[in-house]
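Undergrad:
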């Protein structure tokens, strides 16, 4: 495994701080110009004093690397369409604006009440597709009882009564089509009129959930057409085709039972592709690329024979291959799969990994003659836009938004490490070292427990669980690719289901025991930290660690699997990963041996617990129960309650409090 270069720090360099982390520019790739010569990208800057973010757009000439600021109005702009004549249409405060890349003033195109979301223009530019929420169910008392406008009561007869961080107000996101003439919209048509279904998907779906057909005569959209209890226990989204002339709707993925998402046409319009999972209820199933050929009406799974799972994808300009990203061995890399010209051939499509290195490729922006424009991160660098050269197989930076900031930050040494798991399997971890690491000294060491549970530990760069930031405070961090993570084969990824407290927990113990053999690890100053399933892992380790750890930190962790099953919202996840309900005797082990609350008698180690007040994935009783148990047992413990946060911490100032409490706790207990 390659290691990033260890750089000697200068007197002007300092370890990364929580405030510096939030002051970094957040780069987003918005697209390439029609001629492929100009990159349009966004930079968001967070103002901690005002506790808000400001995003502006920039133009980068790929030939001479000249950068021009394109927008500077207050608010956040996002690109919708880039025309051949240089016109760039973007959204600002819910309205459409246009400005030419060659200069001139911006012009506001629309003034639609309530604004527009997830806008996509038809191929001829005469219609737009967008989404908005539609009130269909009178769950809220002010809608149900018009004579009680000051009441605030919700009444439900089905599940899906709350999701992620909000209660269901009876509103459903729907796609709409309207004619468009110089900023004026005609009467909008609701493609899901009177249907209590979501498109885009809740809670995180966006414009990727629908697209125009190449001829502009129809729209494809993604929806899970289930309601109430059926909705809560299923992942069976389908891709539907809506004919504009007739209003006829056809299910294009009938019989495909898992997630079907991201409908995308090839550049020539002859083939439709999408991402597909086979299993209903398994949100982390193997994700494959499906291609449908219009001329032969045949469907082909391009990646079924490949032992991995697809992240995102993009067609090549010549229609001959599809580029995609996927987790592999602790990183996210670029791959390419050849698209057969004849689907009747029985040979398997050729899949090639085309990038390799100690970095993540986080997105594919576009293709040029010599390579791909991509976004990329590492554990010591936030997102920037890069050019990946096909011949040299190297990535080179196109944007350098944070170079000045990093010039004053000491870079941390990061290296990969293999050990043996208890079942004999190779177990990989990323080891992140403190600034100016000296192997003759001893360092406090943290085991990082990842959430998911089927989420990869790769070369990602987070605003909260930031490995560089944690290590920069003087800690060695051990980030383990334990059982359940993509990047090590489909079986490895699936093995954690129904075994949450089994091999994955043993993998964590194997990793910390292995690194503890090194003389520079202070075995009297070891801790374990994590969120979500990682928080569950911390709660489990607190009962089975046998004195290894001196301190624990759990963020939004699952503490009592019985009460969690009774209050979490996405029941399909619980049914698949836990095996099902606590009243089913077949799942006894999940609710006993693999339930942290059953090991509370062995808790004896200081623990810090973070809990979001609007977290409905891992609801509030989980953190409160764990804190109350620790307090009543006389264990040094602390609760940090974030009433306005969900499963994450999104407010900048709240994030600063989170970091301060995190590191204060470690300084007190390690």
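Numbering (the working numbering), first residue to last: 69 to 738.
All C-beta atoms, glycine included, are put in the ideal place defined by N, C-alpha and C.
Quick caveat: nothing in here was measured; it's all calculated off a predicted structure.
Let me know if residue 711 comes out buried or exposed under the rule of 16 or more other beta-carbons within 10 Å of its beta-carbon.
TA: Walking along the chain shown from the start, residue 711 turns up at place 643. Exposed is the call here.
Undergrad: Suppose the cutoff is 8 Å on Cβ atoms and the five residues either side in sequence are ignored; what does the same chain contact list for residue 693 look like?
TA: Walking along the chain shown from the start, residue 693 turns up at place 625. Closer than 8 Å at Cβ, skipping near neighbours: 627, 628, 631, 665.
Undergrad: Considering Cα atoms alone, identify which of 345, 180, 288, 82 is closest to residue 279.
TA: Counting from one through the chain shown, the residue named residue 279 turns up at place 211. Here the closest residue by C-alpha is 288.
Undergrad: In chain order, what residues of the same chain have a beta carbon less than 6 Å from the beta carbon of residue 97, not counting five sequence neighbours either side?
TA: Here residue 97 corresponds to residue number 29 of the chain shown, with the count starting at 1. Excluding residues within five positions, the ones whose Cβ falls inside 6 Å are 109, 433, 443, 453.
Undergrad: Between residue 230 and residue 684, is the Cβ-Cβ spacing less than 7 Å?
TA: To locate residue 230, count along the chain shown from 1; it is residue 162. To locate residue 684, count along the chain shown from 1; it is residue 616. Yes; because the gap between Cβ atoms is below 7 Å, this pair is in contact.
Undergrad: Please state the DSSP three-state secondary structure of residue 727.
TA: As a first step, residue 727 is located in the chain shown; it is residue number 659 there, counting from the start. Here residue 727 sits in helix by DSSP.
Undergrad: Can you say whether residue 70 is buried or exposed, counting buried as having 16 or more other CB atoms within 10 angstroms of its CB?
TA: Here residue 70 is taken as the residue at index 2 of the chain shown, counted from 1. Because the pLDDT of residue 70 is 47, which lies under 50, any placement of that residue in the model is unreliable, and the number read from its coordinates should be weighed accordingly. Counting Cβ neighbours within 10 Å, residue 70 comes out exposed, since fewer than 16 surround it.
Undergrad: Alpha carbon to alpha carbon, how far is residue 73 from residue 503?
TA: For the purposes of this step, residue 73 is taken as the residue at position 5 of the chain shown. For the purposes of this step, residue 503 is taken as the residue at position 435 of the chain shown. Summary for residue 73: the model assigns pLDDT 48, below 50, so the residue's position carries little reliability; its value from the coordinates is reported in the next sentence. Going by the C-alpha atoms only, they are around 13 Å apart.
Undergrad: To the nearest angstrom, how far is it from the Cα of residue 364 to the Cα of residue 460?
TA: The sequence position of residue 364 within the chain shown is 296, counting from 1. The sequence position of residue 460 within the chain shown is 392, counting from 1. Roughly 38 Å between the two C-alpha positions.
Undergrad: If residue 86 sits next to residue 724, beta carbons under 8 Å apart, how far is it from one beta carbon to the other, in whole angstroms?
TA: The residue you call residue 86 lines up with position 18 of the chain shown. The residue you call residue 724 lines up with position 656 of the chain shown. Confirmed, Cβ separation roughly 6 Å.
Undergrad: Quick check on DSSP: helix, strand or coil for residue 70?
TA: The count along the chain shown starts at 1 and reaches residue 70 at position 2. Only weak support is given to the placement of residue 70: the predicted model assigns it a pLDDT of 47, under 50, and the value that follows is read from those uncertain coordinates. The answer is coil: DSSP assigns residue 70 none of H, G, I, E or B.
Undergrad: Below 6 Å CB to CB, which residues in the same chain sit around residue 112 once its five sequence neighbours on both sides are set aside?
TA: Counted from its first residue, the chain shown places residue 112 at position 44. Around residue 112: 94, 121, 123.
Undergrad: Measure the alpha-carbon distance for residue 524 versus residue 498 and round it to whole angstroms.
TA: Position 456 of the chain shown, counted from the first residue, corresponds to residue 524. Position 430 of the chain shown, counted from the first residue, corresponds to residue 498. About 12 Å.
Undergrad: Within the same chain, show all residues whose beta-carbon is closer than 6 Å to that of residue 361, passing over the 5 residues directly before and after it, in chain order.
TA: Here the question's residue 361 lines up with position 293 in the chain shown. Closer than 6 Å at Cβ, skipping near neighbours: 339, 411.
Undergrad: Go to residue 690, then tell me how far its alpha helix (DSSP H) extends in each direction, as first and last residue.
TA: On the chain shown, residue 690 is found 622 positions in, with the first residue counted as 1. 688 to 700 is the extent of the alpha helix (DSSP H) around residue 690.
Undergrad: Looking at C-beta atoms only, is the number of pairs between the stretch 543 to 550 and the stretch 571 to 582 that lie closer than 8 Å three or more?
TA: Yes: the two stretches touch, three or more of their Cβ pairs being nearer than 8 Å.
Undergrad: Leaving out the 5 sequence neighbours to the left and right, which residues in its chain are closer than 7 Å to residue 539 when beta-carbon positions are compared?
TA: Sequence index remark: in the chain shown, residue 539 carries index 471 (1-based). So the list reads 480, 500, 501, 502, 545, once near-sequence residues are dropped.
Undergrad: Leaving out five residues on either side along the sequence, give the residues of the same chain with a beta carbon under 6 Å from the beta carbon of residue 591.
TA: Start at 1 with the first residue of the chain shown, and residue 591 comes out as number 523. Result list for residue 591: 584, in chain order.
Undergrad: Using 8 Å for Cβ pairs, my map puts residue 246 next to residue 238. What's the rounded Cβ distance?
TA: Indexing the chain shown from 1 puts residue 246 at position 178. Indexing the chain shown from 1 puts residue 238 at position 170. Between residue 238 and residue 246 the Cβ distance is about 24 Å, and since that is not below 8 Å, they are no contact.
Undergrad: Would you list the one or two residues that DSSP bridges to residue 465?
TA: Against the chain shown, residue 465 aligns to sequence position 397. Looking at the DSSP assignment, residue 465 forms a beta bridge with 454.
Undergrad: Suppose contacts are defined by Cβ-Cβ distances below 7 Å. Is residue 299 in contact with residue 228 by that definition?
TA: Translated into positions along the chain shown, residue 299 becomes position 231. Translated into positions along the chain shown, residue 228 becomes position 160. Yes.
Undergrad: DSSP on residue 114, reduced to helix/strand/coil?
TA: The sequence position of residue 114 within the chain shown is 46, counting from 1. Three-state DSSP puts residue 114 in a strand.
Undergrad: To which residues of the same chain is residue 393 closer than 8 Å at the C-beta, ignoring the five residues directly before and after it?
TA: Indexing the chain shown from 1 puts residue 393 at position 325. Same-chain partners within the cutoff: 378, 379, 380, 381, 400, 401, 402, 403, 429, 430, 431, 432.
Undergrad: Hey, out of 637, 327, 570, 644, whose CA is closest to residue 609's CA?
TA: Working through the chain shown from its first residue, we reach residue 609 at position 541. Ranking 637, 327, 570, 644 by Cα distance to residue 609 puts 570 first.
Undergrad: Quick one: grab the DSSP three-state call for residue 537.
TA: Start at 1 with the first residue of the chain shown, and residue 537 comes out as number 469. Reduced to three states, the DSSP call for residue 537 is helix.
Undergrad: Compute the Euclidean distance between the alpha carbons of residue 680 and residue 233, then round it to the nearest angstrom.
TA: Here residue 680 refers to the residue found at position 612 of the chain shown. Here residue 233 refers to the residue found at position 165 of the chain shown. Those two C-alpha atoms are separated by around 9 Å.
Undergrad: Under the DSSP definition of a beta bridge, which residues are partnered with residue 722?
TA: Translated into the one-based positions of the chain shown, residue 722 becomes position 654. Answer by DSSP bridge pairing: none, since residue 722 is not bridged.
Undergrad: How about the stretch 367 to 377 and the stretch 467 to 485: do they share at least three Cβ pairs that are nearer than 8 Å?
TA: With a cut-off of 8 Å, the stretch 467 to 485 and the stretch 367 to 377 do not count as touching, because too few Cβ pairs lie within range.
Undergrad: Would you mind sorting residue 181 into buried or exposed? The rule is 16 or more other CB atoms within 10 Å of its CB.
TA: Working through the chain shown from its first residue, we reach residue 181 at position 113. Under this definition residue 181 is an exposed residue.
Undergrad: Compute the Euclidean distance between the alpha carbons of residue 367 and residue 332, then round it to the nearest angstrom.
TA: Taking the chain shown and counting its residues from 1, one reaches residue 367 at position 299. Taking the chain shown and counting its residues from 1, one reaches residue 332 at position 264. Near 14 Å, if we compare the C-alpha coordinates of residue 332 and residue 367.
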